[in-house]
Structures are given as C-alpha cells and as structure tokens.
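Right, one structure below, let's go through it.
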Amino acid sequence: MLRWRIFSLFLVCFVFTVMVSGAAWNQVRVTLNIACDGGANIAPFEWLKDQIEAELPVNIVLHSLPFEEVYSKLKTEFVAETGAYDIVVFFPKMLGDFVINDYLLPLDGFNEKLSVKTDDIVLPVLEFYCKANNKLYALPYDGDVLAMWYRKDLFENPEEQAAFQEKYGYELQPPETWDQWLDIAEFFTRKKGENLAGEVLEEDFYGCATYGQRDFMYAWWFNRYASMGGSYFDENLNPMINTPEAIQALENWVASLQYSPPEVLTYGFDELQAAFISGRCAMEINWTDVGRVGSNPTVSQVVGKIGVGLVPGFQLPDGNILHRPVLAAGRVMSITKTCKAPELAFEILRLMALDASLAYVSSSYAGMDPFRISHFETPEAFGMFSSYEEAKEYLDGVRLNIELGYPELTMQGSAQYMDILSLALSQALAKQKTPQEALDWAASEWNKITDSLGRDIQKQYYQSLIQSWKENGYWFD
Amino acid sequence: MLGHMRQWANRNIGGLFLAPSFLIIILICAFPLIYSIYMSFFSWELASPLPKRFIGVENYLNIFQDSRFWFSLLRSIYIVGIGAILQMVLGFSLGILLNREFKGRNILTSFFLIPVVISPVVIAFMWKMIYSEQYGPLNYILNVVFYLKSVPWLSNTSVALLSIVIANSWEWFPLILLVTMGGLQNIPDDYIHAAQIDGASGWQITRWIIIPLLAPVLLTITLIRVIEDFKLFDLIYVLTHGGPGMSTETLNYLTYLKGFKFFSFGYSSALSILQMIVVIGIAAILVKKILIKD
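Spelled out as structure tokens, the structure:
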C-alpha cells in the first residue's frame, strides 16, 4: 500500500513538473509574424523556419502576400494598427512612406550590438534602400537591378553577323544604345518558316520583349529616360517627366513594340522571363533572375546561350553613352513598431541578411538576387551555372549594372507617383494617347499627388534623397 | 391597465421581435454607409502623416472634373449593358431549349451550371489561358479552323473590355438559364396547349406567352445581374489590372485603386458614394418596371 502511495506521489510530482515546465517553455517562446510576397520570394523564410525556431525562442508564422498587393496589405494593417506583423518584407520604394508615418523601428541600435556587416552590402542597396533620414530602417533581402539579357548564340553566329553588317553598316554586338536596340530588335524579328541562325523557325521569333504590367513598367521607361540625364522632379518639385527627352525615351520604347510578341503589354515578370528562356526573343531587359533561372535545363531552352550586358543608354551631346539601369524593386526587411520582441526579430533579420544570404541568393528556386560584395565574389556558390567562368560572367554583369544603377524614388507617395506614371506609359504603349499627351497628363497628376501629400514635406524629402544619391555618386546635375 | 399593456404588446410584439435584427442591420449596413458619406467630405491621404481635413464637396467637384471618372463610368455601363444582353440571350435561349424532354437533359443542365459554382478568380485564370495570344485555344481555333488571324484579346485596347464582358457573361448566363427553367415550370401547360390548338408557332408561343409570363422573374434576375456586374472586380483584376492603358478600368476598379493603392480615402469614399447612386438609379428604373409588370 505504502509503495503505491509513494508511486502515486511520484507520478503526480512528475506530471506537475512536466506541465509547469511546458507552460514555462511556451511562455518564453514568442510568436513572430513575418509578411513577405509569396512564391519563390518567401521561400528562404520557409527553408530557414525550422532552424530559426530551433535556435531562437520564437514560433514563426509566415504570411504570404500577393506580389502586387504588398503595399496595400501592409499599409492597411499599419493604418488600422492591428499589429498583425512583426517583420515585414517590402519594396524599398515604400520605405519613405513607412518611415515618415512611423511604422518601423530604426535598426542602428541593434546593428551596433550585433553587426550585420553593413560594409559588405553594395552601396546603393544599403544607402538608398535601407536608410531614411540617415538612419538604418531596413536590411536587404533581395538586391535587384535591371540588366540586359541577350542570346549569345545568335549574336555570335557568323551568318547573322554578316547579314546584320550588310543591312545596318555596323557590327552585330549587344546594343550599347537604345537606337541600336531598335536596329537589332528589327533585325532578329522573323516570321515562322524563316531562317534564324541556320534553323527554320517553327513559330514567330521576336527581336525583343518588354515588361507591360502597371506595377513596375515605369522602370523600363526610366532605363531609357535616365540615360538621357532625366530626373523625377526639379528642385521645386515640379515633375520632370514630360521634358522633350522624356518624350523621346517613350517614343523609343513605343517603337520597340513592333519587334515584341503581340501580347507583350500583358507581360509581368514571369511572362517576360518565360519569353526569353523559352527562346521566343533575342533580348530583353529584366531582373537578374533570368540568368540563374535560364541556366536551369528543366525550365529553360536557352541554357548556355545567355549573355548579360549593361542596359543600353543614349548618346549624350559630348559623345559619351550614359547607362542608367534602374535599381528597380529589390526587397528589404524591417521590424514594425508593434513588434513583440524586437531583439529576437533583429536576430532573424541578421540571419537572413548575413549568414543565410549567400545560400538563397545563389539558388535558382528563390527569387532573391545578390546584394553583398561577398556574394559577387563567390561565383563558386552559384552552382546552377555550368562553370565558374559562366557564374563569374553572370555576377560581373549584374554588378556592373548595380554600380551604374539609377535609384528608385523612395519618398512617401512613391507608389502613387509610379502608378500614375505607369498608367500614362501604358496608355502611350497601347496607343490610346501620344507620348506627349500621356506624359503631360502624368505630370499634372504628379502635381496633384504632391499637393495632396504636402508640397513642402515632399520637397524636403526629395532634396534629402537627392543629396544622399549625390554624396554616394549616383546622381549627376 | 393590464389590458392596455396586453393590447400594446399584441400590437407591437412583431416589432419587438424584429428589433434585434433591425439593430444589427443598422450597425453593419447603415453605419459604414454613413461613415463613407462622412469621409467623402474630407481630404484624407493615408500615405501622408497629415491629418484628415474637411473640404466640403471638393472631392465630388474634383471627380466631376476628372475625365478618368467619366470614362470609367462609361466602361462600367458598357459591361453592364452588353453583359446583360449577352447573358439574357444565352441564358433564356438555352433555358427554352433545355425545357424540352430529351435524354441526358439533366446531365446537360448540370453541365451548364458549372461556371456559376466555380470561384470567379479561378474562372479569371482559366480565361487568361484561353485568351493567351500565342498559346490560347481560342486563337488556335481561329487560326486552324477559320483561318483567321490571332486576336490580341487582352492586350488590345479595343478588344480587352469585350473580352472581359465575354468571360463574365460565360460565368453568369447559367444563372439566367436556371431562373428561366424554373419560371417555365410555373407556366401552366394549358396555355401552351391552347395556343398550339389555335395554330401558334413556336416563336409565337415564346413571344406572346412565355416572355410576358416570365418577364417579372427575368427583370428581377436582370436587376441582380446589373448590380453585380456594376461591381465587377475579380475578372478585371486578374485578366487586365484595368489595362492596357485604362481600357478596362471601370468605376469599381478606379475606386479600388484610389482607396487601396493610393489610400486617398476621402476621394475613394466619394467615388463609392457616386457609384452607389448610379446603381440605385439603374435599380430604381428596373424595380419600377417590375412593379408595373406585377
């Protein structure tokens, strides 16, 4: 009997201990909600979720947002002060809005305690996309830039080279200028049944393709306009998007449509990438995923045939060619003001931006692009390429575009400015308006946006952006 | 005294039972509506830290001066008008055809009802594939069977809005079909037989017996479809995002852009109020017709 009593007492004590320790364990674990656009872009968080939960006392809940709805979803939650997210991944163009409305925590203090090696982050990504008002508000997750992708095999084909030389009077090479882009696009546009590099085409082939959806199409125009020295505003915040150079840039873009697939105006990122890697067009401007995904034989028909180059420019009066590839999109991570455990959140940000970053930027299954100097100096990590040299060529090409990059507008209202601009551009591309009419309309709408947001605040913010771009050598008067 | 109370209770007991539901309706319908009207008199830019500011009817005046509003309103009317005609013609004709007894009628009827039960977003993606200029089956049929050129269904400004109307009509004509078939069951056979004995043709029976008897129910379903089509969003969002250019930007889509892309809450509230007024106007005309028919 006594033995039974002792055993029962022992059992009760054991169960009590387990329950108390279990409850205590759950109490110290914090649930952190992370919001990021879905698919390949949230994949790195999914891969590292278990590791993070094992190393830190956190439970991770991932919220996958639609690519085009990131701003509206985050903004809605911020405005309603729901505290739904602790860590947010977003496009840098939203940073100004989020900072000025006080939705994010500054990260300088955390970075001092636990460095994320900011000196290893490429300059424009750190200075323009992670900082606002000289404070660090975000860490990079994706280092995007637009680059030129072309079919090396076609450009190097002797028959095509000879035919081009004969028709245009100069050597066939990846285009340096936007005028050459039109010539080459025209040259390679062929009908089904015609010959291309010695082979009979089974379907129509196009010289080029372009982005056609409203969310980011402005960047394809800025690639052209910025290379003529174009800017967003003048010093008094008058829009500079309907200058004669701006019109000329748009006319060049409109002209290129005749050498693009007919449905190109519906193209988003996936469709544009597919047009190139399925072998339907000779060249395109796109994000740097094209090089990595195009090297994957399970999805690409142009493995080993992809060349990367500088986004073309326009020839300036002094004879030089200015290249300004737009540093479009990119992704950064921030901690929200309502975060329940900022220190733990920063450790997650640090893991993603530093320790784990090489693994996911070098994967063809994630949508992230290199953003650290060390990423560009480790070609051997990019195993999807068939050789070290091929990986190096890819990384050098991407880096060159970043170094000459044209910064995106990141002040408050950027989303509105760019949406209106894209709308005007799409009207011009769809021939609903002439380039002049479309850009005049966009300029007048930009003025309305500026007035509604407060011209003085906007002017102040824009001037601080320009100053930062100038100080870092990314803006010229 | 007790008698008076009982009399009062007898008179008002219905109202008392209805009161909780009425209160809930006020809370979930009237409050947001009143709040929207209230917001429409403010400049409230959520992208900016500036506080909201009372501006009277300025939002409305700006909207009336904005050509984007008028064009988007016209597009909404186009979708509603053409869509209603297409849905009505398809749904009513098939309803008449399927009302006859033949083998496999039930299976065929169920087959036609599939679009109504599929999620609109799934339908939108399906049509996106169908409309694909290069690989879509629609253009393939045009090329191979009819030797016609491919049509840029979604990338041409003159065709894109019609493409949306077609996809929307395909989704919703079965509802008209269902209502037509239900209505036909209620028409006494005697009327049809009497007309047949008098020598009326099939067309005459349809024109002079079936259509007049089905008119109230068809007008009611048209009213529902008009209201729904005016609010069409999912198809536009998935298929075209309002583009190319502004060619498929309807009033509802514009309101969404202003509200949830630009976060101009005052302006978008004013837009939604105007949209509501337009829908109520159209609904009032149709309701009047229904009541006259009754």
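Chains as they are written, first to last, in this note's numbering: chain A, 1 to 477; chain B, 478 to 771. For every residue, glycine included, the Cβ atom is placed at its ideal position computed from N, Cα and C. Bear in mind the structure is a predicted one, so any value in this text is a computation, not a measurement.
Exposure of A:PRO174, with buried meaning 16 or more beta-carbon neighbours within 10 Å: Reading the first sequence from its first residue, position 174 is the one you call residue 174 of chain A. Looking at its Cβ environment, which holds 16 or more other Cβ atoms inside 10 Å, A:PRO174 is buried.
Straight-line Cα distance separating A:ARG224 from A:GLY480: Within the shown structure, residues of chain A are numbered from 1 to 477, placing residue 480 of chain A beyond reach of any answer.
What residues match up with A:ASP37 in a beta bridge as DSSP calls it? Taking the first sequence and counting its residues from 1, one reaches residue 37 of chain A at position 37. DSSP, once it has assigned bridges, lists A:LEU65 as partnering A:ASP37.
Is it true that the stretch 280-289 of chain A meets the stretch 133-149 of chain A, where meeting means three or more beta-carbon pairs spaced less than 8 Å apart? yes
Which partner residues does A:LYS305 have in the DSSP bridge list? As a working note, residue 305 of chain A is residue 305 in the first sequence. The partner list for A:LYS305 (beta bridge, DSSP) is empty, contrary to what the question assumes.
When Cβ atoms are compared, which residues of the stretch 629-641 of chain B fall closer than 7 Å to chain A? PRO629, LEU631, SER632 and THR634
Take A:ASN472 as the anchor and find which of A:LEU114, A:LEU123 and A:VAL79 has the nearest alpha-carbon. Along the first sequence, read from residue 1 onward, the residue named residue 472 of chain A stands at position 472. The shortest Cα separation from A:ASN472 among A:LEU114, A:LEU123 and A:VAL79 belongs to A:LEU123.
Using 8 Å as the Cβ pair cut-off and three pairs as the minimum, do the stretch 292-300 of chain A and the stretch 402-422 of chain A touch? no
Do we get a CB-CB distance below 9 Å when we pair B:ALA644 with the residues of chain A? Position 167 of the second sequence, counting from 1, holds the residue named residue 644 of chain B. Closer than 9 Å: no.
C-beta neighbour in chain B for A:ASN101, strict 9 Å: Here residue 101 of chain A refers to the residue found at position 101 when the first sequence is read from its first residue. Chain B contact via Cβ: present.
I need the DSSP call for A:VAL254, collapsed to helix, strand or coil. Mapped onto the first sequence, residue 254 of chain A falls at position 254. A:VAL254: helix per DSSP, three-state reduction.
Can you check whether the C-beta of B:MET723 is within less than 9 Å of a C-beta belonging to chain A? Here the question's residue 723 of chain B lines up with position 246 in the second sequence. So yes, B:MET723 belongs to the interface.
Quick check: the Cα distance between B:ASN487 and B:LEU661, rounded to an integer number of angstroms? As a position in the second sequence, residue 487 of chain B is number 10, starting the count at 1. As a position in the second sequence, residue 661 of chain B is number 184, starting the count at 1. Using only the alpha carbons, I get a separation of about 42 Å.
Excluding five sequence neighbours on each side, which residues of the same chain lie with their C-beta closer than 8 Å to the C-beta of A:ASP144? Locating residue 144 of chain A in the first sequence gives position 144, counting from the first residue. Within the same chain, A:ASP144 has close Cβ partners TRP287, THR288, LEU327, ALA328, ALA329, GLY330, ARG331 and ASP369.
List, in chain order, every chain A residue whose beta-carbon is nearer than 7 Å to that of B:GLN611. Counted from its first residue, the second sequence places residue 611 of chain B at position 134. Residues of chain A passing the Cβ test: PRO261 and GLU263.
Any idea what DSSP makes of A:ASN447, helix, strand or coil? Within the first sequence, numbered from 1, the residue matching residue 447 of chain A stands at position 447. Helix, per DSSP.
Please list the terminal residues of the continuous beta strand (DSSP E) segment that includes A:MET148. Residue 148 of chain A sits at position 148 when you count from the first residue of the first sequence. 146-151 is the extent of the beta strand (DSSP E) around A:MET148.
Give the list of continuous alpha helix (DSSP H) stretches no shorter than 4 residues that lie fully inside the stretch 684-748 of chain B. 688-707, 711-716 and 728-733
Along the alpha helix (DSSP H) that carries A:TYR388, what are the first and last residues, could you check? Locating residue 388 of chain A in the first sequence gives position 388, counting from the first residue. A:TYR388 -> alpha helix (DSSP H) spans 388-403.
Could you tell me whether any Cβ in chain B is nearer than 9 Å to the Cβ of A:TYR71? Residue numbering aside, residue 71 of chain A sits at position 71 when the first sequence is read from its first letter. Yes - at least one Cβ of chain B is within 9 Å of the one on A:TYR71.
From the DSSP output, in three-state form, read off A:GLN315 for me. As a position in the first sequence, residue 315 of chain A is number 315, starting the count at 1. Correct three-state label for A:GLN315: strand.
Given this structure, state the Cα-to-Cα distance separating B:ALA507 from B:ILE674, to the nearest angstrom. Walking along the second sequence from the start, residue 507 of chain B turns up at place 30. Walking along the second sequence from the start, residue 674 of chain B turns up at place 197. Taking the straight line joining both Cα atoms gives about 55 Å.
Does the CB of B:ALA601 have a neighbour CB from chain A at under 9 Å? For the purposes of this step, residue 601 of chain B is identified with residue 124 of the second sequence, where counting begins at 1. Output row for B:ALA601: interface = no.
Roughly how many angstroms lie between the CA atoms of A:TRP221 and A:LEU316, to the nearest whole one? Position 221 of the first sequence holds residue 221 of chain A. Position 316 of the first sequence holds residue 316 of chain A. Rounded to the nearest angstrom, the two C-alpha atoms are 17 Å apart.
Three or more C-beta pairs below 8 Å linking the stretch 373-392 of chain A and the stretch 156-171 of chain A: no
Would you list the one or two residues that DSSP bridges to A:LYS49? Here residue 49 of chain A refers to the residue found at position 49 when the first sequence is read from its first residue. Answer is none; A:LYS49 lacks a bridge partner.
Does any residue of chain A bring its CB to less than 9 Å from the CB of B:ALA747? Locating residue 747 of chain B in the second sequence gives position 270, counting from the first residue. Cβ-Cβ to chain A under 9 Å: no for B:ALA747.
Any idea if B:MET482 is buried or exposed, counting beta-carbon neighbours within 10 angstroms, 16 or more meaning buried? Stepping through the second sequence from its first residue, residue 482 of chain B is reached at position 5. Classification for B:MET482: exposed.
In three-state terms, what does DSSP make of A:PRO239? The count along the first sequence starts at 1 and reaches residue 239 of chain A at position 239. Residue state, collapsed to three classes: strand.
Among all the DSSP beta bridges, which residues are the ones paired with A:VAL200? Sequence index remark: in the first sequence, residue 200 of chain A carries index 200 (1-based). DSSP, once it has assigned bridges, lists A:ASN195 as partnering A:VAL200.
What did DSSP end up calling A:ASP179 once you bin it into helix, strand or coil? As a first step, residue 179 of chain A is located in the first sequence; it is residue number 179 there, counting from the start. Looking at A:ASP179 - three-state DSSP - the assignment turns out to be helix.
Bridge partners of B:THR586, per DSSP? Position 109 of the second sequence, counted from the start, is the residue given in the question as residue 586 of chain B. In DSSP, B:THR586 forms no bridge with anything.
Under the DSSP definition of a beta bridge, which residues are partnered with B:GLU477? This structure leaves residue 477 of chain B out entirely; chain B is present only between 478 and 771.
Using the beta-carbon count (16 or more within 10 Å), is A:PRO479 buried or exposed? No answer is possible for residue 479 of chain A: the residues shown for chain A start at 1 and end at 477.
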